[in-house]
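Novice:
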Amino acid sequence: MNLPSWLVAIVDLIFPRHCCICDKFLKNSRFLHLCDYCESQLCWITEPVCSSCGRPFAGDVSTRVCLECRVNPPRFNKAMSLWMFQGVAREIIHKLKYKSGEYILPDIGAMISKNQAMVELISQGVLVPVPIHWRRFFSRGYNQSELIAKVLCKIAQNSTMKNLLVKKRHNRSQTELGPEARVENVIDSFAMRKNVDLPKNTKLIVVDDVMTTGATVNECVKQLNDRGYFDVSVVTLARD
Ligand SMILES: [Zn+2]
Ligand SMILES: [Zn+2]
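Heads up, the sequence shown is in our numbering, so the first residue is 693 and it goes up one at a time.
(1) Excluding the five sequence neighbours on either side, which residues of its own chain have a C-beta within less than 7 Å of the C-beta of K787, listed in chain order?
(2) Would the beta-carbon of S773 be found less than 6 Å away from any heavy atom of ligand 2?
(3) Can you list, in chain order, the residues of its chain with a C-beta nearer than 7 Å to that of K854? Leave out the 5 residues immediately preceding and following it.
(4) With respect to the beta strand (DSSP E) encompassing K859, which residues constitute its N-terminal and C-terminal limits?
(5) Quick one: what's got a C-beta closer than 7 Å to C845's C-beta in the same chain, skipping five residues either side?
(6) When the Cα atoms are used, what is the spatial distance from V875 to L869?
(7) Report all residues from its chain with a CB closer than 8 Å to the CB of S881; omit the five preceding and five following residues, and keep chain order.
(8) Just to be sure I understand the criterion: a residue counts if its Cβ is closer than 5 Å to at least one heavy atom of ligand 2. Which residues meet that?
(9) Is D923 closer than 7 Å to S837 when the C-beta atoms are compared?
(10) How close, in whole Å, do the beta carbons of L856 and R885 come, if the pair is a contact with beta carbons under 8 Å?
Set out below in structure tokens:
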């Protein structure tokens, strides 16, 4: 929710705001819960990036696809993220995921809305949040990927969100595992809901908070592919 600046000023007098990262008192900051200094420490992903996985590109830019994607092509068409998963970005996502940090979503929305390429991508399709298991949903109270997808829907008014996927298995958190174990951990842990009546050529955009090895999103895309949906992209807040 974007409050008018005069109302923010009044609310600030009664309930002073602090930066959610460094706790500095916030006055005239560009964001509601992030100071300008902490925002400046975010490592934004900018061109040149791999046209497939979206990672910053260090190699021969004429090919536009990184070596890793050429050797091991991902199942999705294209992935796009706002930040590298480090420093302030890591802390923001940790708060969003584990510390009831939903209050920071309007700031995240304001940042996403400045990324024209991302807004264009999410405007073209149906957003599909990566699901969490119902046990985790009841302990956390929300699915952070669904909250991010709702923010994306507000920014790109043509887009819609559909919970097409379910998490079948309550497996170990990916954060505890190495790259190979992550792939094994997510195999067959997602499924696509029955009775989905979207045309097979619908552009789907899987939404998650962070992409590290890509094992989770690849497994989600596999479920969509198995049901005949092949135009699938990925949007995450951050990536490794
Ligand atoms: Zn700060
Ligand atoms: Zn790549």
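All residues carry an ideal CB built from backbone N, CA and C; glycine is no exception.
Specialist: Looking at the coordinates:
(1) Here the set comprises C712, G793, I796.
(2) Checking every heavy atom of ligand 2 against the Cβ of S773, none is found closer than 6 Å.
(3) Only V818, V820 meet the Cβ criterion.
(4) Looking at the DSSP string, the run of the beta strand (DSSP E) that includes K859 is 857-859.
(5) Hits under 7 Å: L819, S851, T852, M853.
(6) So the alpha carbons of these two residues sit roughly 9 Å apart.
(7) Cβ neighbours of S881 beyond the five flanking positions: K859, K860, R861, N863, E911.
(8) In chain order, the hits are C742, S744, C745, C758, C761.
(9) No, the pair does not count as a contact, with Cβ atoms beyond the cut-off.
(10) With 8 Å as the limit, L856 and R885 qualify as a contact, their Cβ atoms being about 6 Å apart.
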